[in-house]
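Novice:
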Amino acid sequence: MSSDSSDDDRPLARPNGHLSSAKVSRAEDEALDRSQPRNSSGMAGIVVRNGPVDDAMDLDAPNGVNKRKSRTSISKVSYRDESDSDGEPLAKRPRSSARPVDSDSDNEPISKVKAKKKSTSMLADSSDDEKPLGIQLAKKKAAIEKKAAHEAQTIRSKEANSAKSAPKKNIKEESDDEPLAKSSANKRQSNGAPAKRKSNGVKKEESDSDAPISKKTKAKGKTTAPSKGKSAAATKDSKKAKAKETSEEEEEYEWWNAPKPEDDSIKWQTLEHNGVLFAPEYEPLPKNVKLLYDGKPVTLSKEAEEVATFWVAMMTPASSHHLDNPVFRNNFFTDFSEIVKKNGGATDREGNKVQIKSLDKCDFSKIYDYWLAKTEANKTKNLSKEEKEAAKAKKDALEAPYMYCLWDGRKQKVGNFRVEPPSLFRGRGEHPKTGRVKTRVFPEQITINIGKDAKIPEPPAGHKWKAVQHDQKATWLAMWQENINGAYKYVMLGAASDVKGQSDYKKFEKARELKKYIDKIRKDYTRELKSEIMADRQRATAMYLIDQLALRAGNEKDTENEADTVGCCSLKYEHITLEPPNKVTFDFLGKDSIRYNETAFVEPQVFKNLKLFKKAPKSDGDDLFDRLTTSQLNKHLNSYMTGLTAKVFRTYNASYTMSTLLKELSQDPRSKGTIAEKVKLYNDCNRKVAILCNHKRTVGASHEQQMQKMGDRIKGLRYQKWRTKKMILDLEPSYKKKKGASWFELDEDLDQEWIQEHQQFLIEEQRTKITKKFEKDNEKRKANKEKPMPEKELKERLQAVKDLEAKFKKENKTGKVEAEGRGASVDKYLKAIEKLDERVKILETQAEDRDGNKEVALGTSKINYIDPRLTVVFAKKFDVPIEKFFSKTLRDKFRWAIKSVEDTEDWEF
């Protein structure tokens with residue numbers, strides 16, 4: 001591939017600070033070679049963990065959730081298996097069921113138990129177990145890249161042969177239609193598309209913009225006449241079912257199988273919606289609830305009082321740390337005092353003006369007490385069942401008009417139809433504007449995008465829209481500009497909509513297309529790592545880091561108004577530390593202000609180049625890649641493949657790696673095991689992808705407690721199994737001779753201290769359960785206007801707790817366990833023991849699985865970077881319910897993936 005940057009006179013990318021020379025002299029190159037140690041670790045392209053990092057990330061509600069923040073530590077260890085009640089007699093317990101391993105979200109901290117099996121062995125082939133983990137992974141990575149290069153050459157060779165053999169009139173049509181330019185009908189059929197459609201593939205796109213929705217609907221299938229034996233009622237029911245089925249088919253329009261429109265810049269033909277849902281109006285505080293300034297109550301305007309409640313809302317334990325941030329405090333007080341002045345100022349009881357000059361003199365405690373009491377009273381957990389249902393019905397009725405739109409005549413769910421309520425801006429990381437007041441958004445700031453013939457939504461009384469337009473090339477329904485950063489906010493369709501699905505589909509198809517060119521790209525940037533042109537050498541080094549270490553490209557930042565986050569192209573001198581022979585430590589704020597603090601092993605030439613880019617007189621603040629910008633990099637990538645950008649590499653590497661690993665599973669005996677074992681097998685592959693593609697995360701603060709909790713759940717089941725065995729002896733003492741004394745012995749790690757602690761937990765659990773049941777029964781009586789049960793009834797019910805306590809006390813003293821439960825028998829207890837063994841096995845499998853996930857962001861890989869069709873094909877091939885991998889929300893989001901490959905196990909990335 002010829003370089004597009006070989007001109008010595010090319011303008012500098014960022015003329016800031018000290019710049020690298022335009023060319024690398026031979027003498028300079030040789031001097032660097034002599035100073036470079038020759039031995040390396042053999043782990044090039046692998047990132048190793050540096051240990052826990054204090055993540056600085058806070059998202060503004062309601063725009064998202066903090067993916068990196070772990071849950072707060074639990075104060076009390078729970079021994080209970082959440083799917084069962086260990087405290088109930090065996091006869092009363094519900095039948096156990098395996099719980100799915102939930103790894104859909106990074107929000108969930110990973111819990112584990114100290115499993116006896118080695119958890120690291122799953123990351124490499126068994127034959128390489130004795131080699132260091134880094135070398136195992138590096139070998140795996142190299143093997144996958146070698147396979148990718150071979151596959152790219154094979155694809156291009158087949159394309160060339162196909163082009164030669166195909167009739168001339170069909171050559172253009174077929175090459176334009178297929179994302180990977182596979183022209184044979186058989187190839188298309190193996191990739192999940194119906195064989196009938198010979199030219200309905202996906203056109204290569206120049207951008208990642210959303211694809212339009214075709215107006216054509218799926219053809220109706222033939223209906224079969226009812227058999228003679230069917231009654232009229234059965235026939236009628238059949239017709240109803242068929243009508244419902246047809247309706248669902250029309251609702252689930254299969255756009256991925258539809259022909260391409262001639263003009264794909266037009267996103268819709270007709271669009272109808274009801275606008276946006278505004279935040280509720282502010283309700284003023286009671287007259288007796290005041291801000292105290294310098295110890296005296298002051299009266300504020302409605303506008304200033306509302307801003308004071310924003311501060312109060314941050315006084316909760318989860319958010320109070322912001323109030324100690326000097327930048328947050330200063331920004332808040334600047335805005336607050338300005339709003340106070342703008343709206344008439346503050347007055348004391350006599351009506352005299354009070355100058356609000358210091359935040360330290362502001363006492364919000366009275367407002368906080370009122371706000372907290374009101375918040376607690378409005379929590380649904382404090383409401384009766386009827387009140388909860390009424391509140392939900394009211395909420396649903398309010399939101400119903402805005403939840404869906406009609407896009408080309410099809411009902412589509414709208415994503416964020418609510419206008420953000422006013423509040424205090426928090427930002428991500430050390431944002432310079434944290435604490436500023438996010439002002440209320442009014443209709444006069446909002447532009448509506450809607451079809452020409454559609455009814456324009458009515459703005460609230462007394463208001464009007466800023467503008468109404470009919471832009472068929474836009475996929476947003478409404479738009480406004482927020483006051484903090486001047487950013488535009490858009491109301492878009494939901495994740496499960498056709499438009500969003502098409503965007504995901506095109507993203508993964510773009511990554512699939514990269515398969516054809518990956519070998520050439522890697523070969524070219526490897527060669528250019530030694531280029532004498534500094535710009536080319538910097539670009540090649542950046543491409544290596546993006547491809548091999550999964551660094552994001554990064555963009556220029558306005559550091560005065562934005563958090564100082566960087567990516568590969570915007571790295572500065574101080575962001576990397578070099579340790580010979582080939583170890584590089586990165587330390588910078590990445591996307592969402594999450595600190596990236598990792599050490600990676602790189603190729604010797606890359607290490608040498610980074611050393612060159614840091615050459616004196618460069619120092620802190622100077623750009624590392626001073627002759628490269630992200631736009632230049634993407635322009636170069638586009639010369640290989642239309643629409644190729646740096647971010648495509650993350651998707652390609654994750655999906656291709658996962659595809660390769662899943663192909664190897666057919667030989668793994670675990671693929672024929674239980675559902676839990678198959679889920680773990682998939683997660684093992686997902687984990688390898690996350691490690692090889694560097695999707696890491698910090699271990700949650702509560703990890704050790706959660707690990708202990710899961711271990712105690714397993715020990716609780718084993719204790720329950722031991723008690724059940726002792727019950728067998730109570731029924732049939734001779735069974736001891738039949739099974740042997742060792743079968744009835746207590747496990748070594750279940751010491752008496754732990755047993756007594758566990759027994760106390762079971763006692764308290766039963767007490768809580770009985771009390772809650774009593775309270776719930778009284779609530780029902782109250783709702784039915786019946787007389788509530790007296791406290792005497794509760795005392796009688798709690799007698800069961802005393803009985804259980806006495807039973808445990810007796811067992812500890814005598815070492816015997818009396819048979820319990822209805823119809824007690826040896827056979828019944830033996831079956832119970834088998835079930836307990838199954839549950840222990842499932843939990844231990846999950847524990848080992850979760851242990852391996854503690855530093856790996858499985859959800860990030862699975863949801864954003866691994867083609868969901870790979871997961872669907874795995875689930876189908878190995879007979880695992882898709883619910884084990886995708887939650888209801890994700891199944892809606894990836895409906896296109898589930899439907900498009902549901903009839904094949906042979907689809908390949």
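Residue numbers (full-length UniProt numbering): 1 to 909. Backbone N, C-alpha and C define an ideal beta-carbon position, used for all residues, glycine too. Computed from a prediction, not measured in an experiment: that's the story for all the values here.
May I ask you to verify whether the segment 350-357 touches the segment 458-465, counting CB pairs closer than 8 Å and requiring at least 3?
Specialist: No: fewer than three Cβ pairs fall under 8 Å.
Novice: Would T845 and E677 qualify as a contact pair, given that the criterion is a beta-carbon distance under 9 Å?
Specialist: Reading the sequence shown from its first residue, position 845 is the one you call residue 845. Reading the sequence shown from its first residue, position 677 is the one you call residue 677. Closer than 9 Å, so yes.
Novice: Could you pull the DSSP bridge partners for P297 from this structure?
Specialist: For the purposes of this step, residue 297 is taken as residue 297 along the sequence shown, with counting starting at 1. According to DSSP, P297 bridges with L292.
Novice: Taking the C-alpha atoms as reference points, what is the distance between S111 and N683?
Specialist: Walking along the sequence shown from the start, residue 111 turns up at place 111. Walking along the sequence shown from the start, residue 683 turns up at place 683. Note that S111 has pLDDT 36, beneath the 50 cutoff, so the model's placement of it is unreliable and the number below is only indicative. Their backbone Cα atoms lie some 15 Å apart in a straight line.
Novice: Classify W256: buried if its beta carbon has 16 or more other beta carbons within 10 angstroms, exposed otherwise.
Specialist: Mapped onto the sequence shown, residue 256 falls at position 256. So W256 counts as buried.
Novice: So what does A478 bridge to, in DSSP terms?
Specialist: Within the sequence shown, numbered from 1, the residue matching residue 478 stands at position 478. DSSP lists I448, V491 as partners of A478.
Novice: What is the residue span of the alpha helix (DSSP H) that N634 lies within?
Specialist: By 1-based counting over the sequence shown, the position of residue 634 is 634. Its alpha helix (DSSP H) spans residues 630-638.
Novice: Do you know how far the Cα of R527 is from the Cα of L477?
Specialist: Start at 1 with the first residue of the sequence shown, and residue 477 comes out as number 477. Start at 1 with the first residue of the sequence shown, and residue 527 comes out as number 527. About 48 Å.
Novice: In the DSSP output, what is T565 paired with across the bridge?
Specialist: As a first step, residue 565 must be located in the sequence shown, where it is residue number 565. Note: T565 sits in no beta bridge, so no partner.
Novice: Give me, in chain order, the residues of the same chain whose beta-carbon lies closer than 6 Å to that of residue 966; leave out the 5 immediate sequence neighbours on both sides.
Specialist: Nothing in the structure corresponds to residue 966, since the chain is present only between 1 and 909.
Novice: Can you tell me whether H150 is buried or exposed, with buried defined as 16 or more other CB within 10 angstroms of its CB?
Specialist: Taking the first residue of the sequence shown as position 1, residue 150 is located at position 150. Classification for H150: exposed.
Novice: Suppose the cutoff is 7 Å on Cβ atoms and the five residues either side in sequence are ignored; what does the same chain contact list for T309 look like?
Specialist: Here residue 309 is taken as the residue at index 309 of the sequence shown, counted from 1. Contacts found: I367, W371.
Novice: Spatial neighbours of P11 within its chain, please: C-beta separation below 7 Å, excluding the five flanking residues on both sides.
Specialist: Along the sequence shown, one-based indexing puts residue 11 at 11. Legend: pLDDT at P11 = 48, less than 50; position of this residue unreliable, value from coordinates given subsequently. So no residue of the chain qualifies.
Novice: Spatial neighbours of T771 within its chain, please: CB distance less than 8 Å, with the 5 preceding and 5 following residues excluded, ordered by chain position.
Specialist: Counting from one through the sequence shown, the residue named residue 771 turns up at place 771. Contacts found: L794, L798.
Novice: How far does the alpha helix (DSSP H) with residue 914 in it reach, from first residue to last?
Specialist: Here the chain comprises residues numbered 1 to 909, so residue 914 is not present and cannot be evaluated.
Novice: Would the beta-carbon of F894 fall within 9 Å of that of D504?
Specialist: Counting from 1 along the sequence shown, the entry for residue 894 is found at position 894. Counting from 1 along the sequence shown, the entry for residue 504 is found at position 504. Closer than 9 Å, so yes.
Novice: Specify the secondary structure class of T599 as computed by DSSP and reduced to three states.
Specialist: The count along the sequence shown starts at 1 and reaches residue 599 at position 599. Strand, per DSSP.
Novice: Hey, could you find the ends of the alpha helix (DSSP H) Y544 is sitting in?
Specialist: Position 544 of the sequence shown, counting from 1, holds the residue named residue 544. Note, Y544: alpha helix (DSSP H), 534-548.
Novice: Using DSSP's beta-bridge definition, name the partner residues of L424.
Specialist: Taking the sequence shown and counting its residues from 1, one reaches residue 424 at position 424. Note: L424 sits in a beta bridge opposite V437.
Novice: Measure the Cβ-Cβ separation of D453 and T270 and say whether it is below 9 Å.
Specialist: As a position in the sequence shown, residue 453 is number 453, starting the count at 1. As a position in the sequence shown, residue 270 is number 270, starting the count at 1. A contact, by the Cβ cut-off of 9 Å.
Novice: How would you write the range of the beta strand (DSSP E) that Q412 sits in, first residue to last?
Specialist: By 1-based counting over the sequence shown, the position of residue 412 is 412. Here the beta strand (DSSP E) through Q412 covers 410-413.
Novice: For I356, does the three-state DSSP call read helix, strand or coil?
Specialist: Counting from 1 along the sequence shown, the entry for residue 356 is found at position 356. The answer is coil: DSSP assigns I356 none of H, G, I, E or B.
Novice: Between K520, K413, Q538, V47, which has its C-alpha nearest G494's C-alpha?
Specialist: Indexing the sequence shown from 1 puts residue 494 at position 494. Considering only alpha carbons, the answer is K413.
Novice: According to DSSP, which residues form a beta bridge with E579?
Specialist: If you number the sequence shown from 1, residue 579 lands on position 579. Per DSSP, K583.
Novice: Quick check: M727 and E820, are their CB atoms within less than 9 Å of each other?
Specialist: Walking along the sequence shown from the start, residue 727 turns up at place 727. Walking along the sequence shown from the start, residue 820 turns up at place 820. Yes, the pair counts as a contact, with Cβ atoms nearer than the cut-off.
Novice: Could you tell me which residues DSSP pairs with D903 in its beta bridges?
Specialist: Start at 1 with the first residue of the sequence shown, and residue 903 comes out as number 903. D903 pairs with nothing; no bridge assigned.
Novice: Could you tell me the alpha carbon to alpha carbon distance between M315 and H431, rounded to whole angstroms?
Specialist: On the sequence shown, residue 315 is found 315 positions in, with the first residue counted as 1. On the sequence shown, residue 431 is found 431 positions in, with the first residue counted as 1. Cα to Cα, M315 sits roughly 20 Å from H431.
Novice: For V327, collect the residues of the same chain with a Cβ closer than 6 Å to its Cβ; drop the 5 residues on either side in sequence, then sort them by chain order.
Specialist: One-based indexing of the sequence shown puts residue 327 at position 327. Cβ within range, chain order: T434.
Novice: Apply the 10 Å Cβ neighbour rule to K216 and answer buried if 16 or more other Cβ atoms are within range, or exposed otherwise.
Specialist: By one-based count along the sequence shown, residue 216 stands at place 216. In this prediction, K216 has a pLDDT of 34, which is less than 50 and means its spatial position is unreliable; nothing more can be read from the coordinates.
Novice: On the three-state DSSP scale, how would you describe W407?
Specialist: Here residue 407 is taken as the residue at index 407 of the sequence shown, counted from 1. Reduced to three states, the DSSP call for W407 is strand.
Novice: By how many angstroms is the C-alpha of K506 removed from the C-alpha of P259?
Specialist: As a position in the sequence shown, residue 259 is number 259, starting the count at 1. As a position in the sequence shown, residue 506 is number 506, starting the count at 1. P259 and K506: Cα-Cα distance of roughly 15 Å.
Novice: So what does Q469 bridge to, in DSSP terms?
Specialist: On the sequence shown, position 469 is the one that residue 469 refers to. DSSP output for Q469 lists N449 as bridge partner(s).
Novice: Using CA atoms only, rank isn't needed, just tell me which of V289, R440, K438, K388 is closest to A373.
Specialist: Taking the first residue of the sequence shown as position 1, residue 373 is located at position 373. Checking every option, the nearest Cα to that of A373 belongs to V289.
Novice: Whole angstroms is fine: what's the gap from S337's alpha carbon to K302's?
Specialist: The residue labelled residue 337 in the question sits at position 337 within the sequence shown. The residue labelled residue 302 in the question sits at position 302 within the sequence shown. Using only the alpha carbons, I get a separation of about 14 Å.
Novice: How many Å lie between F774 and H758 at the Cα?
Specialist: If you number the sequence shown from 1, residue 774 lands on position 774. If you number the sequence shown from 1, residue 758 lands on position 758. Roughly 24 Å separates the two Cα atoms.
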